[in-house]
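**Q** Numbering (the numbering used here), first residue to last: 162 to 701. Take this structure, written in structure tokens, and hold onto it; I'll ask about it next.
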């Protein structure tokens, strides 16, 4: 007898906790699980949390039909520069375009302006003799012997990933595809991404940057997702595993492995979807989403019941709040602003002798001092505990007891230099982090021409409701909303996400001279790709 697969699970890996939400579709019931994140191998926390949650609810793994998962693996790999050793093959004479970037200066008054370093060093950027023109015609045929010579050199230098981005390949991808064939013949162990597949759009710098970011993270993502699949298989899971994308949709593991750059901000995107869902359910189609977890806080505008989206994004900014100081990627993302202010954010004394919070965080290892896991730095969570916002006997549903004495010792490190008692210092930390988050949310709204006072604040995340009320007061918003089970709201957001993927083509020219047959051909091609993707994902 076949087991009825009536359950779905959303799993969100955060900087401190891994959250799980189990939905029983037959009864409309929900259960929540939460375990500490295991940073060495995040899939271990997924397994631990799933086993604990299913055991708690008396559900067999075989009854799970769908698991939807999000990860910050790609974002972290790009920020920390911990991806694969990557090479770039581009048109001869253009190998430095990825370093030159554009003429735009993100700070016109900074004479010592720092540009983001490309993910590929100059020594691994190769100019290939070939040339296609902007109409797709070939001016210079691909020098295949040179490509084979480069591949031999790449193998000797133990390169694991190669990005191929030729001039105007979005109009004619033939040369890129031939390079892929040569690499598959000569070095099948090397992972390859083509710009004509990853970002087939006009603008060489952005297209190349996106392709490099994609292949740079690809071996890491493939290894992680395959490891996760193995763990789930050993548990007896036979349903469908989907991965959250940055645009608010989901994709199969195969698609996520091929286009990992689409996973940027996948976790925060789920939180925005959940905020939109709750907003529609409570007749608030316009809300300001506020997600505060253990490491960061995020704000996002919801309008018409949907989060605002953008087709451009930046990663690994030199300065977090200076637009243009990061590496551009051409992917569809849910627009939000992020600030290094979470429950685990470390409080310190700034250069002017004033209290400062973040961006450094203790994460889950060792965690805030009150966790009793070896941490000694003063954090926002320690301050919240001393102020009475947290119940030391019922943290993590009663599974974890907080150490108030350890929190006192930690906060005292800030209190003494400021000449304050411990509670005054804790209140100061609480106020500073609230103002930082309110300012970030205000900037996010105003940059988009919106007045934040017109939006109710929807607060979630492990620390969201604790701080959300005072953030709402600082912003002057009309209403404050906090959901039940706020700490696992992002995990619930995964279960609100549809199967989705964006396709794009660039066609340019004067409108009255446009080749409409070419436009129709591009649309049909994208439709075909979409249908193929749905079939591969198990959708008829």
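Even for Gly, the Cβ is constructed at its ideal location relative to N, Cα and C.
1) So what does DSSP say about residue 198, is it helix, strand or coil?
2) Can residue 563 and residue 551 be called in contact, C-beta distance under 9 Å?
3) Under three-state DSSP, which class holds residue 486?
4) Anyone know if the C-beta pair for residue 282 and residue 371 falls short of 9 Å?
5) I'd like to check one pair, residue 329 with residue 354: are the Cβ atoms closer than 9 Å?
6) Kindly indicate which residue of 676, 549, 660, 638 has the alpha-carbon position closest to the one of residue 462.
7) Where does the unbroken alpha helix (DSSP H) through residue 687 begin, and where does it stop?
8) Hey, could you find the ends of the beta strand (DSSP E) residue 130 is sitting in?
9) Consult DSSP for residue 520 and reduce its assignment to one of helix, strand or coil.
10) Where do the ends of the alpha helix (DSSP H) carrying residue 171 lie?
11) Give the C-beta separation of residue 320 and residue 247 to the nearest angstrom, bearing in mind that I take them to be a contact with Cβ-Cβ under 8 Å.
12) At a cut of 8 Å, does the region 578 to 598 reach the region 421 to 441 through at least three beta carbon pairs?
13) Taking 8 Å as the limit between beta carbons, can you name the residues of its chain near residue 511, skipping five residues before and five after?
14) From what residue to what residue does the beta strand (DSSP E) around residue 251 run?
15) Over the uninterrupted beta strand (DSSP E) stretch that includes residue 231, give me the two end residues.
16) At the level of alpha carbons, what is the spacing between residue 298 and residue 334?
17) Under the three-state reduction of DSSP, which class applies to residue 598: helix, strand or coil?
18) On the DSSP bridge list, what partners appear for residue 499?
19) Leaving out five residues before and five after residue 648 in sequence, what residues of the same chain have Cβ atoms less than 6 Å from its Cβ?
20) Look up residue 508 in the DSSP assignment and say whether it is helix, strand or coil.
21) Ends of the beta strand (DSSP E) at residue 412?
22) Helix, strand or coil, according to DSSP, for residue 274 in the structure here?
23) Alpha carbon to alpha carbon, what distance is there between residue 522 and residue 166?
24) Which of the three DSSP states, helix, strand or coil, is assigned to residue 674?
25) Taking residue 184 as the reference, give the member of 484, 682, 225 with the closest Cα.
26) In or out: residue 278 buried (at least 16 other Cβ within 10 Å) or exposed?
27) Thinking just about the alpha-carbon of each residue, which of 497, 509, 491, 519 is nearest to the one in residue 503?
28) From the DSSP output, which residues share a beta bridge with residue 405?
**A** According to the structure shown:
1) Of the three classes helix, strand and coil, the one that applies to residue 198 here is coil, per DSSP.
2) Yes, the Cβ-Cβ distance between residue 563 and residue 551 is below 9 Å.
3) If DSSP states are grouped into helix, strand and coil, residue 486 belongs with coil.
4) Between residue 282 and residue 371, the C-beta gap is not smaller than 9 Å, which leaves the two residues out of contact.
5) Result no, Cβ atoms of residue 354 and residue 329 do not sit closer than 9 Å.
6) Between residue 462 and the set 676, 549, 660, 638, the nearest pair of CA atoms involves 638.
7) Where residue 687 is concerned, the enclosing alpha helix (DSSP H) starts and stops at 677 to 697.
8) For the chain, the structure presents residues 162 to 701; residue 130 sits outside this window and is missing.
9) It is a strand residue.
10) First-last for residue 171: 168 to 174, but that is the beta strand (DSSP E), not the alpha helix (DSSP H).
11) Going by Cβ atoms, the distance from residue 320 to residue 247 rounds to 7 Å, so yes, they are a contact pair.
12) The answer is no - the region 421 to 441 does not touch the region 578 to 598, with fewer than three Cβ pairs under 8 Å.
13) In chain order, 517 place their CB closer than 8 Å to the CB of residue 511, counting only its own chain and leaving out the 5 sequence neighbours on each side.
14) Residue range 247 to 252 is occupied by the beta strand (DSSP E) that includes residue 251.
15) 225 to 231 is the extent of the beta strand (DSSP E) around residue 231.
16) If I take the Cα positions, the gap works out to 11 Å.
17) Of the three classes helix, strand and coil, the one that applies to residue 598 here is helix, per DSSP.
18) Paired residue(s): 459.
19) Result list for residue 648: 623, in chain order.
20) Strand at residue 508.
21) Here the beta strand (DSSP E) through residue 412 covers 411 to 413.
22) DSSP, reduced to helix, strand and coil, places residue 274 outside both helices and strands of the structure shown, so it counts as coil.
23) Using only the alpha carbons, I get a separation of about 39 Å.
24) Residue 674 falls in the helix class under three-state DSSP.
25) Of the listed residues, the one whose Cα sits closest to residue 184 is 225.
26) Answer is exposed; the Cβ neighbour count stays below 16.
27) For the options 497, 509, 491, 519, the alpha carbon positioned closest to that of residue 503 is the one of 519.
28) Beta-bridge pairing links residue 405 to 411.
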